[in-house]
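Read left to right, the sequence shown gives residues 0 to 514 (numbering that gives the first Met the number 0).
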Amino acid sequence: MNEPLLEIRRAPVRELLVDALAELDAQLPWRVPVLVAGDRREGAKLRSTDPGNPERVVAEFSPATDAEVDAAVRAADEASRAWSARGAEARAAILSRAAGELRRRRPLLAALAVRECAKPWAEADADVCEAIDFLEYYAQQAVALEAGGAVVSLPGERNTLHYAARGVVAVVAPWNFPLAIACGMVAAGLATGNGVVLKPAEQSPACALAVVEALHAGGVPPAALSLLPGEGETGAALVGHPGVHTIAFTGSGAVGLEILRRSAELAPGQAHLKRVVAEMGGKNCVIVDADADLDDAVPAIAYSAFGFAGQKCSAASRLLVHERIADTLTERLRGAIDALLVDQAQRFGVDVPPVIEQAAQNRVREYTRVARDEGGTVYQPGTAPEHGWFVAPTLVSNLPRRSRVAEEEIFGPLLALQRVASVDEAVEIVSGQPFALTGGLFSRNPATVERVRGALPVGNLYVNRHITGAMVARQPFGGNRLSGTGTKAGGPDYLLNFVEPRVVTEDTMRHGLVV
Ligand code: NAD
Numbered sequence: 000m001n002e003p004l005l006e007i008r009r010a011p012v013r014e015l016l017v018d019a020l021a022e023l024d025a026q027l028p029w030r031v032p033v034l035v036a037g038d039r040r041e042g043a044k045l046r047s048t049d050p051g052n053p054e055r056v057v058a059e060f061s062p063a064t065d066a067e068v069d070a071a072v073r074a075a076d077e078a079s080r081a082w083s084a085r086g087a088e089a090r091a092a093i094l095s096r097a098a099g100e101l102r103r104r105r106p107l108l109a110a111l112a113v114r115e116c117a118k119p120w121a122e123a124d125a126d127v128c129e130a131i132d133f134l135e136y137y138a139q140q141a142v143a144l145e146a147g148g149a150v151v152s153l154p155g156e157r158n159t160l161h162y163a164a165r166g167v168v169a170v171v172a173p174w175n176f177p178l179a180i181a182c183g184m185v186a187a188g189l190a191t192g193n194g195v196v197l198k199p200a201e202q203s204p205a206c207a208l209a210v211v212e213a214l215h216a217g218g219v220p221p222a223a224l225s226l227l228p229g230e231g232e233t234g235a236a237l238v239g240h241p242g243v244h245t246i247a248f249t250g251s252g253a254v255g256l257e258i259l260r261r262s263a264e265l266a267p268g269q270a271h272l273k274r275v276v277a278e279m280g281g282k283n284c285v286i287v288d289a290d291a292d293l294d295d296a297v298p299a300i301a302y303s304a305f306g307f308a309g310q311k312c313s314a315a316s317r318l319l320v321h322e323r324i325a326d327t328l329t330e331r332l333r334g335a336i337d338a339l340l341v342d343q344a345q346r347f348g349v350d351v352p353p354v355i356e357q358a359a360q361n362r363v364r365e366y367t368r369v370a371r372d373e374g375g376t377v378y379q380p381g382t383a384p385e386h387g388w389f390v391a392p393t394l395v396s397n398l399p400r401r402s403r404v405a406e407e408e409i410f411g412p413l414l415a416l417q418r419v420a421s422v423d424e425a426v427e428i429v430s431g432q433p434f435a436l437t438g439g440l441f442s443r444n445p446a447t448v449e450r451v452r453g454a455l456p457v458g459n460l461y462v463n464r465h466i467t468g469a470m471v472a473r474q475p476f477g478g479n480r481l482s483g484t485g486t487k488a489g490g491p492d493y494l495l496n497f498v499e500p501r502v503v504t505e506d507t508m509r510h511g512l513v514v
């Protein structure tokens with residue numbers, strides 16, 4: 000059921016993508032408007048740029064004003080009534096048409112993710128596919144949800160449980176899955192009959208515009224979906240608006256906590272509680288037992304840690320390795336790092352593109368310095384291209400047990416390797432972390448797999464494979480503890496966050512009928 004990925008190894012497919020990139024380059028910079036209920040206001044105060052060539056401007060935009068935030072929320076509220084009244088089947092048909100729009104523009108949209116976020120082609124294509132999957136999956140799920148929940152009725156008493164749209168959903172999105180995550184959160188809100196206002200990441204407004212255009216082209220009424228480009232301030236104004244009922248946020252822990260805190264405050268006249276769906280950061284660990292098959296483990300770990308320069312929320316960033324194989328694994332991982340292709344995202348076969356912006360480059364470099372201060376052995380071979388926000392893939396071993404590099408989210412191509420005496424010790428370390436997003440285990444012993452799977456708090460555990468690339472409907476994705484509110488994007492329960500349950504109990508022992 001998932002949208003099949005492009006076969007980039009085939010020459011005609013690569014030609015298609017090269018042509019799409021040339022077509023896109025001729026259109027740059029895109030003008031991303033503030034789009035409120037169909038009204039466009041263009042501006043050029045801010046820009047998103049190509050992380051591999053920061054002189055290339057991908058999009059120009061001006062942040063939404065407070066008045067535009069207010070207008071968007073009011074329009075979404077107003078529009079949500081008619082939108083919700085259409086019923087889930089009709090909305091699902093519209094979302095499916097939007098998926099068709101994304102499919103039709105697929106090469107261009109992948110090219111946009113290459114340029115705006117430096118996603119290598121395979122990752123960029125997967126981003127488009129995931130956006131399509133979210134639209135179709137939530138469309139189907141919403142139809143099922145409309146049938147209501149199962150409740151018991153007794154003779155003479157009829158009970159029904161149905162789900163109603165909550166009202167206005169504010170979506171605040173990150174840049175690292177610039178199409179898929181924004182699209183998924185918006186699709187969930189719309190499928191369930193809410194009006195939606197999208198505030199995309201300042202690094203990827205053009206990708207967000209493409210998603211919004213597809214939804215409008217599919218038939219979503221302009222007032223039911225507004226786009227408010229801007230920075231954190233715009234996001235804060237949106238989530239703080241008293242007319243917002245649900246906030247769907249994906250991003251860093253600091254911002255997520257701030258949103259949770261602010262959303263608990265009741266504005267004057269506000270007669271509802273805001274609900275926050277927050278998907279936040281992690282420190283994803285992979286445990287490697289002494290019996291692991293290193294032929295499987297090494298490429299899977301390298302891909303999980305360094306693919307898309309370690310900027311997936313699920314990327315591996317801490318390895319807990321049984322001491323019996325730690326030296327061998329370190330050696331082999333160094334070999335794997337030597338073989339990684341560090342280059343511009345548009346080059347086919349690239350493993351490690353530049354990171355998103357200069358601040359990210361500085362952050363990862365600073366953690367490399369901290370690693371040395373902490374006594375770690377830093378392996379950072381080769382050179383990254385000079386131009387663009389590149390960081391060479393880095394393996395740090397011999398860190399002390401308590402270590403900032405081993406415990407904090409870095410969000411870049413830096414992997415910390417620590418030795419453990421046993422899998423149980425590794426489980427204890429992972430269980431002691433405040434994060435619980437993804438995790439991995441390499442072991443050939445079924446008893447070990449059984450023990451670890453029940454013991455780890457992470458939202459997504461991957462056994463004997465890479466730990467990134469969750470697929471809609473197959474691996475519902477999201478973390479626990481400080482990694483998130485425990486909701487699972489692309490899973491069967493996700494839409495429940497966007498609706499309110501209502502039960503009607505009727506005494507059916509009528510004494511006559513009035514018609
Ligand atoms: P970020 O928190 O800096 O920004 C996310 C969004 O929040 C942006 O749109 C930003 O403009 C907005 N924002 C910033 N300050 C705000 C405020 N005060 N109020 C409201 N909105 C505000 O995160 P990012 O750099 O875009 O993304 C990277 C982070 O996202 C990493 O920590 C990563 O782990 C996390 N992430 C998590 C998941 C997941 O599913 N758990 C998925 C992707 C990314």
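From the three backbone atoms N, C-alpha and C, an ideal C-beta is built for every residue, glycine too.
Within its chain, find whatever has a CB closer than 7 Å to the CB of residue i; leave out the 5 residues flanking it on each side and keep chain order.
i	result
Leu-108	Leu-101, Val-127, Leu-178, Ala-209
Val-448	Leu-440, Ser-442, Val-462
Val-136	The sequence shown places Tyr at residue 136, rather than the Val named in the question. Result list for Tyr-136: Val-471, Ala-472, Gly-489, in chain order.
Gln-474	Asn-459
Gly-281	Cys-312, Glu-408, Phe-434, Leu-436, Thr-437, Gly-478, Ser-482
Gly-120	Before going on, a small fix: residue 120 reads as Trp here, not Gly. So the qualifying residues of the chain are Ile-7, Leu-16, Ala-109, Val-113, Phe-347.
Arg-418	Val-320, Glu-322, Ala-325
Val-56	Leu-27, Pro-28, Arg-46, Thr-48
Leu-160	Gly-147, Gly-148, Val-150, Pro-500, Val-502
Gly-511	none
Ala-405	Arg-317, Leu-398, Ala-415, Gln-417
Ala-420	Glu-322
DSSP puts residue i in a beta bridge; with which residues?
i	result
Thr-376	Ser-396
Thr-245	Val-168, Arg-274
Tyr-162	Pro-500
Val-72	Paired residues: none, contrary to the question.
Thr-48	Val-56
Gly-194	Val-167
Arg-13	Arg-13 pairs with nothing; no bridge assigned.
Ile-300	In the DSSP output, where bridge partners are listed per residue, Ile-300 has none listed.
Phe-389	None, per the DSSP bridge assignment.
Ser-225	Val-196
Glu-505	Arg-157
Leu-34	Arg-39, Leu-226
Val-462	Leu-440
Quick check on residue i: buried or exposed, where buried means 16 or more other Cβ atoms within 10 Å of its Cβ?
i	result
Thr-327	exposed
Ala-358	exposed
Pro-491	exposed
Asp-49	buried
Ala-190	buried
Met-508	exposed
Pro-154	exposed
Glu-2	buried
Ser-430	exposed
His-215	buried
Leu-272	exposed
Met-0	exposed
His-465	buried
Asp-65	exposed
Ala-43	exposed
Glu-129	buried
His-244	buried
Leu-455	buried
Whole-angstrom Cβ separation of residue i and residue j, contact assumed at under 8 Å?
i	j	result
Gly-255	Val-167	That belief does not hold up - the Cβ atoms of Gly-255 and Val-167 are roughly 19 Å apart, past 8 Å.
Ala-71	Val-171	At roughly 13 Å, the Cβ-Cβ gap does not stay under 8 Å, so Ala-71 and Val-171 are not in contact.
Val-390	Gly-374	No, Val-390 and Gly-374 are not in contact; Cβ-Cβ is about 21 Å, not under 8 Å.
Gln-139	Ala-91	7 Å
Glu-145	Ala-87	4 Å
Ser-79	Gly-192	7 Å
Ile-131	Ala-163	The Cβ separation is near 27 Å, so there is no contact.
Phe-133	Ala-186	5 Å
Asp-76	Gly-194	6 Å
With a threshold of 7 Å between beta carbons, is residue i in contact with chain B?
i	result
Pro-445	Although the question refers to chain B, the structure presented lacks it and comprises just one protein chain.
For residue i, which residues in the same chain have their Cβ closer than 8 Å to its Cβ, ignoring the five residues on either side in sequence?
i	result
Asn-444	Asp-288, Asp-290
Asn-175	Cys-116, Phe-307, Gln-310, Lys-311, Cys-312, Ile-355
Skipping 5 residues on each side, what residues in its chain have a beta carbon closer than 6 Å to that of residue i?
i	result
Ala-266	Pro-241
Ala-58	Pro-28, Trp-29, Val-31, Ser-47, Pro-204, Ala-205
Cys-284	Arg-317, Leu-319, Val-429, Gly-438
Runs of beta strand (DSSP E) wholly within the stretch 317-371 (minimum 3 residues, chain order): Assignment of beta strand (DSSP E) within the stretch 317-371, counting only whole runs of 3 or more residues, yields no such run.
Starting from the N-terminal side, write out each stretch of the beta strand (DSSP E) that is 3 residues or longer and does not extend beyond the stretch 392-450. Within the stretch 392-450, complete beta strand (DSSP E) segments of at least 3 residues are found at 393-396, 413-419, 437-441, given in chain order.
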